[in-house]
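The next block holds one structure in the form of structure tokens; read it before the comments.
Protein chains in written order, with the numbering used here: chain A, 225 to 505; chain B, 61 to 369.
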């Protein structure tokens, strides 16, 4: 017996390109420390503000150098790594936190659910950028705090979705059956409910990811995110802004990476959403 | 209806209390302002006098209540750097911010909504794809990148417009464009999906079956119904008028609330930061409340069962 052939719609070319770009960026992020030609703080004072190759530069500094003679390409590769690391950790934190809160609300109902709903309302009622800036002003900045702070972005969306889906799942046969068999709530939620609603949560996390990248790069651009000597895509743009007339390549390279990456991930997210879960708008 | 309004007002008030509590908690958790602000060598009695003048020697619940009282009186503290009332410093900056955000707001509506309607009416056509690609580009390009690229093209290369500062209308053009383009993208996408949903409704088919011309059906039936969610989203955008330009103001060195916030955050001027935080959340809560009310009037379904909303 063979299963009836599934009708597969081919993946659109744009989504394939987006996936390709994401793969490239991921590989760069993983290998940045080995493939970067120079250290990110290595100075080459004789070659300050060298333009990229093709614009008067040479092979030694493929994408040119900045005011201090630091290699733009090396800094770019490491920036990709830092920005992606922050965005991935933050998205993961938000997804886990949100799902846990959603499950708690769905399981206990009553006052706890009201509390979660109140927190969701609170989070949704203030622009996150303002909230993040306030926290940074009050607590100062460190990479860990910054990642945790970014991890608070978007948890309320995951929580809303997880709560709704878990309430629905609880009323379905499979959840009731395992409950009758004596499974504890943790087991029911983690091994039975979660796999059934994972697709929706993954889509919602994919849609969140580019927003976190934008947020991180925005804050770093303002000089309030990733701090030197560490570098991220946003802080490179922020630094390059001072040299926009003399050396636009310093900011153009990281800008292009941010744009292509957010664009690719949101295209992938849209496609996944349409494919896996048309109910999510 | 009265119950609906009452519930919404209660929820709005709760949000305000939460925001104020949040500000208070972070303020206290962030460490002793006396120690962060005064030099480490300051004599003990100076520090004690400072703490007394800021009410830091009171028990915590007392400080919390005093904090509410002070905010209710409009006393949002003194800027620790400037020595002037924080509220006044922020209010001074509001006109400059509104000078960017209001024109940008009007621009994003007048570009985004028609683009969304057009895309929905020509669903899956080349025009639709073009418009939606533009919309996605509009909101995935970060505002600082868009702003800097506009500066690079129109200020550095072409020299048509100033790259920053506040020289009246000419220097406002680029920041307004930057804010508007991103918002227009979001709005266009939202309008398109709202329109598509309405176009698929049975009453549209009924209208067609009755022989109502397509154009009339769109004007009479589709647009008014699609307007409800669109107006809601636009209403929510009103709340961001003060806060929506933090990054863009910094790109163009525009002396508005956003620029003040960034400077205050980097110099840890807590009074100013909390003042902006409270003001922004109050505007957000108030505008969300108004939108909820308008929504209740526009869409009678929401008023019904009460608890289901």
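Quick reminder that beta carbons are idealized off the backbone N, C-alpha and C, glycines included.
C-beta neighbour in chain A for residue i, strict 8 Å
i: residue 202(B); result: yes
i: residue 337(B); result: yes
i: residue 211(B); result: yes
i: residue 353(B); result: no
i: residue 69(B); result: no
i: residue 292(B); result: no
i: residue 322(B); result: yes
i: residue 300(B); result: yes
i: residue 330(B); result: yes
i: residue 65(B); result: no
i: residue 184(B); result: no
i: residue 73(B); result: no
i: residue 344(B); result: yes
i: residue 348(B); result: yes
i: residue 310(B); result: yes
i: residue 191(B); result: no
i: residue 326(B); result: yes
i: residue 167(B); result: no
Proximity winner among the options, relative to residue i (alpha-carbon distances)
i: residue 279(A); options: 481(A), 480(A), 470(A), 486(A); result: 470(A)
i: residue 258(A); options: 410(A), 386(A), 479(A), 299(A); result: 299(A)
i: residue 399(A); options: 436(A), 421(A), 381(A), 379(A); result: 421(A)
i: residue 312(B); options: 215(B), 175(B), 139(B); result: 215(B)
i: residue 281(B); options: 265(B), 296(B), 295(B); result: 265(B)
i: residue 428(A); options: 362(A), 500(A), 467(A); result: 500(A)
i: residue 328(B); options: 133(B), 200(B), 199(B), 141(B); result: 141(B)
i: residue 77(B); options: 271(A), 242(A), 277(A), 342(A); result: 342(A)
i: residue 233(B); options: 119(B), 139(B), 164(B), 188(B); result: 164(B)
i: residue 320(A); options: 413(A), 286(A), 406(A), 437(A); result: 413(A)
Beta-carbon proximity list for residue i, same chain, < 8 Å, skipping 5 on both sides
i: residue 308(B); result: 160, 203, 204, 207, 235, 238, 239, 314, 318
i: residue 80(B); result: 127, 128, 131, 338
i: residue 334(B); result: 83, 87, 136, 137, 146
i: residue 411(A); result: 402
i: residue 239(A); result: 491, 492, 495
i: residue 275(A); result: 281, 288, 471, 473
i: residue 370(B); result: In this structure chain B extends from 61 to 369, so residue 370(B) is not present and cannot be described.
i: residue 366(B); result: With a pLDDT of 41 at residue 366(B), under the threshold of 50, the modelled position of that residue is not reliable, and no figure is offered here.
Chain-order list of residues whose beta-carbon lies under 6 Å from that of residue i (same chain, five-residue window excluded)
i: residue 360(A); result: 448
i: residue 347(A); result: 380
i: residue 378(A); result: 318, 432
i: residue 211(B); result: 223
8 Å contact criterion, which residue i and residue j should meet: CB distance rounded
i: residue 446(A); j: residue 462(A); result: 7 Å
i: residue 277(B); j: residue 267(B); result: 4 Å
i: residue 439(A); j: residue 374(A); result: 6 Å
i: residue 249(A); j: residue 297(A); result: So it is not a contact: roughly 15 Å between Cβ atoms.
i: residue 349(A); j: residue 341(B); result: 6 Å
i: residue 295(B); j: residue 344(B); result: Between residue 344(B) and residue 295(B) the Cβ distance is about 11 Å, and since that is not below 8 Å, they are no contact.
i: residue 441(A); j: residue 482(A); result: 5 Å
i: residue 198(B); j: residue 242(B); result: 5 Å
i: residue 354(B); j: residue 255(B); result: That belief does not hold up - the Cβ atoms of residue 354(B) and residue 255(B) are roughly 20 Å apart, past 8 Å.
i: residue 294(A); j: residue 266(A); result: 7 Å
Minimum Cβ-Cβ distance from residue i to chain B less than 8 Å
i: residue 342(A); result: yes
i: residue 358(A); result: yes
i: residue 469(A); result: yes
i: residue 452(A); result: no
i: residue 349(A); result: yes
i: residue 447(A); result: yes
i: residue 486(A); result: yes
i: residue 390(A); result: no
i: residue 276(A); result: no
i: residue 312(A); result: no
i: residue 361(A); result: yes
i: residue 354(A); result: yes
i: residue 242(A); result: no
Contacting residues, own chain, Cβ-Cβ under 7 Å from residue i (five flanking each side not counted)
i: residue 389(A); result: 421, 424
i: residue 173(B); result: 247, 251, 290
i: residue 84(B); result: 124, 127
i: residue 166(B); result: none
i: residue 391(A); result: 330
i: residue 344(A); result: 380, 383, 384
i: residue 484(A); result: 245
For this session: Report yes or no: do three or more beta-carbon pairs, one from the stretch 137-156 of chain B and one from the stretch 324-331 of chain B, lie closer than 8 Å?
Result: yes
Exercise. How about the stretch 132-148 of chain B and the stretch 288-307 of chain B: do they share at least three Cβ pairs that are nearer than 8 Å?
Worked result: Counting Cβ pairs under 8 Å, fewer than three are found: no touch.
Exercise. For the stretch 290-309 of chain A against the stretch 318-328 of chain A, are there 3 or more C-beta pairs whose distance is under 8 Å?
Worked result: no
Problem set entry | contact_flag[the stretch 65-77 of chain B, the stretch 450-460 of chain A] where n(CB pairs < 8 Å) is 3 or more | no
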